[in-house]
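Chemist:
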Amino acid sequence: AEAASRFRFLGRLTAKAYRDGFTVPLPLSRAFFSLFLGRPLTAASLPPGGVVGACVRLLEEYAKMDGLPTEAERKAAKDAGVAHLPCTVMVPSYSGPAMTVQDYFLAAYGEMPRFVDPEGLVVDAGGNAVELGDGGVLTLDEASLKRFVDSLCDLWLDKCVRPQMLAFREGAQEVFPVASLLRFSPLELQRLFCGHQEVVWTAYISQDWLTGEVLEEDELRALTEHIMPVGRFTRESQPFLLLVKELASMGNSGRASFLDFVTATPRLPPGGLPRAGIKVAPRGGTRVWAQTCVRTLYLPEGLETAKELRGALEEAFANAALGGFHEQNLSGAAA
1 AEAASRFRFL GRLTAKAYRD GFTVPLPLSR AFFSLFLGRP LTAASLPPGG VVGACVRLLE
61 EYAKMDGLPT EAERKAAKDA GVAHLPCTVM VPSYSGPAMT VQDYFLAAYG EMPRFVDPEG
121 LVVDAGGNAV ELGDGGVLTL DEASLKRFVD SLCDLWLDKC VRPQMLAFRE GAQEVFPVAS
181 LLRFSPLELQ RLFCGHQEVV WTAYISQDWL TGEVLEEDEL RALTEHIMPV GRFTRESQPF
241 LLLVKELASM GNSGRASFLD FVTATPRLPP GGLPRAGIKV APRGGTRVWA QTCVRTLYLP
301 EGLETAKELR GALEEAFANA ALGGFHEQNL SGAAA
């Protein structure tokens, strides 16, 4: 009940933010919005790492081989000494002894998936170990691998999350008809509600950013045009030029940290940089600081090298958890 209440609030919050032109920068996945739209999830949405991800990949490899081997094929392979089992399917160069599915997973991942798992690999939403399927204790082998993956999908991607998703949808429905969103794809809803998970400086400015073919020169141009120097800074000022080059070279986490530091959200708004309204102003001292209420970054006028700027930004980002170097924290400090 408590979890459902929280998701109902979250649905109401994200819907109101969307209605008012804002995003809620939560890491809600594309799979989450697929469920929101009433679309069932497949094994592709299971955790990609560890033994569960390996089960899914193994099943995919068997599918490429025209399905799982039959009992007769497995017996014939065993009699002929052919290791037509997970070890060779997943690692074609494997030349060791034949292994069962369970032996392979134990050797490769240090754990064995089971339909009844006393060690707690398979748990429900409350963290309790559960039994998969209705058939009691089953040995996981090639014949039961698909049943195991299907049972995990049913548990983790349906039964365990259905109450929370229903509550989220009910919360959004309180703000506007959820049916009005059914024309959107899961990816479009993720971006509309939570912003773009990847920060691309040319977002909404050029077409190439949607295809992932973004050129650094285009990002440099976008940053130069849509970040506004104020005060004594111009677009030819050294600190401004250093900032533009540094932002273009940053990875996604650095870009998100910069946006969070200056605008109080780690995502670009709908409309991209032109809507972000970021300004850069000069200041004395050596520290970089920001006023999020007016989306202004203050750079030391004496910055001369990219190394100096990078160090100052890293220091500011590292202190973000403590409030960062913002005006309320530095107003009386020597900086």
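Numbering (full-length UniProt numbering), first residue to last: 1 to 335.
No residue lacks a Cβ here, since even glycine has one placed at the ideal position from N, Cα and C.
For A264, name the three-state secondary structure that DSSP assigns.
Modeler: coil
Chemist: With distances taken between CB atoms, is the gap from F7 to A179 smaller than 7 Å?
Modeler: no
Chemist: Sorted by chain position, which residues of the same chain lie with C-beta nearer than 7 Å to R19's C-beta, five sequence neighbours on each side aside?
Modeler: V175 and F176
Chemist: Name the two residues that bound the continuous beta strand (DSSP E) containing V35.
Modeler: It should be pointed out that residue 35 corresponds to Leu in this sequence rather than to Val. No beta strand (DSSP E) contains L35, which is instead part of the alpha helix (DSSP H) from R30 to F36.
Chemist: Would you tell me roughly how many angstroms separate the C-alpha atoms of V262 and R295, rounded to the nearest one?
Modeler: 5 Å
Chemist: Taking buried to mean at least 16 other C-beta atoms within 10 Å of its own C-beta, is Q207 buried or exposed?
Modeler: exposed
Chemist: Quick one: is E119 buried, meaning 16 or more other Cβ sit within 10 Å of its Cβ, or exposed?
Modeler: Legend: pLDDT at E119 = 46, less than 50; position of this residue unreliable, value from coordinates given subsequently. E119 should be labelled exposed.
Chemist: Take V244 and list the residues in its own chain whose beta-carbon comes closer than 8 Å to its own, dropping the five residues that flank it on each side.
Modeler: L220, L223, T224 and I227
Chemist: Would you identify the three-state DSSP class for T14, choosing helix, strand or coil?
Modeler: helix
Chemist: Per DSSP, what kind of secondary structure is V161 in: helix, strand or coil?
Modeler: coil
Chemist: Could you check which residue in A15, A31 and L145 has the C-alpha nearest to that of V52?
Modeler: L145
Chemist: Are the beta-carbon atoms belonging to R255 and V199 less than 7 Å from one another?
Modeler: yes
Chemist: Please report the straight-line C-alpha distance between R267 and A107, rounded to a whole angstrom.
Modeler: Approximately 42 Å, taken between the alpha carbons.
Chemist: Report buried or exposed for A1, applying the criterion of at least 16 other Cβ atoms within 10 angstroms of its Cβ.
Modeler: exposed
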